[in-house]
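Going by full-length UniProt numbering, the sequence shown opens with residue 1, and the numbers climb by one from there. All C-beta atoms, glycine included, are put in the ideal place defined by N, C-alpha and C. Computed from a predicted structure; not experimentally measured.
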Amino acid sequence: MSEKAKWYVVHTYSGHENKVKANIEKIVENRGMDDIILEVAVPTEDVTEIKNGKRKTKSRKIFPGYVLVKMFMTDESWYVVRNTRGVTGFVGPGSKPIPLTEDEVRKMGIEKHRVVHVEFKKGDVIQVVYGPFQNFSGAIEEIHPEKQTVKVRIEMFGRETPVELEFDQIEKL
C-alpha cells in the first residue's frame with residue numbers, strides 16, 4: 001500500500017455516532033486491522049453557554065449522523081465498516097465511497113491536535129481572581145490541560161477543601 005490512507009465519511013443512525021465509533025474500533029482491535037483502519041473520529045466542538053450567571057461548556061457534534069474513518073480502502077475494510085451496527089453507508093454515489101480531499105480535511109481540522117501550554121505546575125500557590133472563590137488562595141494539586149482546569153486545595157471555614165477551577169480563574173502568587 002504505497003498510497004496514503006484517506007478519510008471517508010460514514011453515515012450513521014442519528015445519535016449512534018459514538019456507538020459506531022466504539023464498534024468500529026473494537027472490530028479493528030479484534031481482527032488486527034489497525035494497519036488498514038487507522039483512526040475513527042466523531043468531530044465535536046466545545047460550546048460555552050451562560051445560564052443563570054453560570055458558564056457551562058458542552059461538547060456538540062459538528063456533523064450529527066456522521067463518523068469519519070481514516071483508512072486504506074480495501075474490500076475487507078469496506079465490508080467491516082459498512083456492516084458495523086448503526087452504519088447506514090458510506091457517503092458517495094451508490095456503494096462507491098468518496099474520500100475527503102486534503103483541503104476538506106484541513107478545513108475541518110480533523111487532524112489538528114490542540115496543544116495547551118500550561119504556565120502552572122503542581123505545588124504552585126495561586127490566588128483565585130474571579131468566581132465564587134475569589135480572593136482565596138491555595139496550592140495546585142492536579143492539572144488537567146485537556147479540560148483547562150486545575151484542582152486546588154483552598155482553606156474554607158478552617159479546613160482544606162479541594163476545588164476545581166479553570167485556568168482563567170487563577171493567577172500565580
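How would you call residue i, buried or exposed, if buried means at least 16 neighbouring beta carbons within 10 angstroms?
i, result
"V20", "buried"
"I62", "exposed"
"T84", "buried"
"V129", "exposed"
"K70", "buried"
"G138", "buried"
"S59", "exposed"
"G86", "buried"
"Y8", "buried"
"I24", "buried"
"V118", "exposed"
"E17", "buried"
"I37", "buried"
Bridge partners for residue i per DSSP, in chain order?
i, result
"K172", "I126"
"K151", "E142 and E164"
For residue i, tell me which candidate among the options has the shortest Cα-Cα distance.
i, options, result
"E76", "F136, I27 and T57", "I27"
"residue 236", "G53, A5, L165 and L38", "The question about residue 236 has no answer here: the residues shown for the chain are numbered 1 through 173."
"E147", "D168, I154 and D35", "According to the sequence displayed, residue 147 carries Lys and not Glu. K147 has its Cα closest to that of D168, out of D168, I154 and D35."
"K6", "G53, E29, I50 and F72", "F72"
"P132", "I110, E119 and M156", "M156"
"E3", "R55, T74 and N23", "T74"
"I154", "I140, F90 and P145", "I140"
"R31", "P162, V91 and Y79", "Y79"
"E39", "I110, E160, Q134 and T161", "I110"
"G94", "R82, V105 and E104", "R82"
"H144", "D35, I50, G158 and F120", "F120"
State yes or no: is the beta carbon of residue i nearer than 8 Å to at least one beta carbon in chain C?
i, result
"T101", "As a matter of chain content, chain C is missing from the structure shown, which is built from one protein chain."
- Message: Counting beta carbon pairs with one atom in the segment 12 to 29 and one in the segment 48 to 67, are three or more of them shorter than 8 Å?
- Response: yes
- Message: Would the segment 118 to 126 count as touching the segment 158 to 173 if we require 3 or more Cβ pairs under 8 Å?
- Response: yes
- Residue ranges of each beta strand (DSSP E) run of no fewer than 3 residues wholly in the UniProt domain "NusG-like N-terminal" (4 to 112), ordered along the chain? 6 to 12, 37 to 41, 44 to 51, 54 to 61, 66 to 71 and 87 to 90
- Message: Closer than 8 Å is the cut-off here; do at least three beta carbon pairs connect the segment 37 to 45 with the segment 88 to 107?
- Response: no
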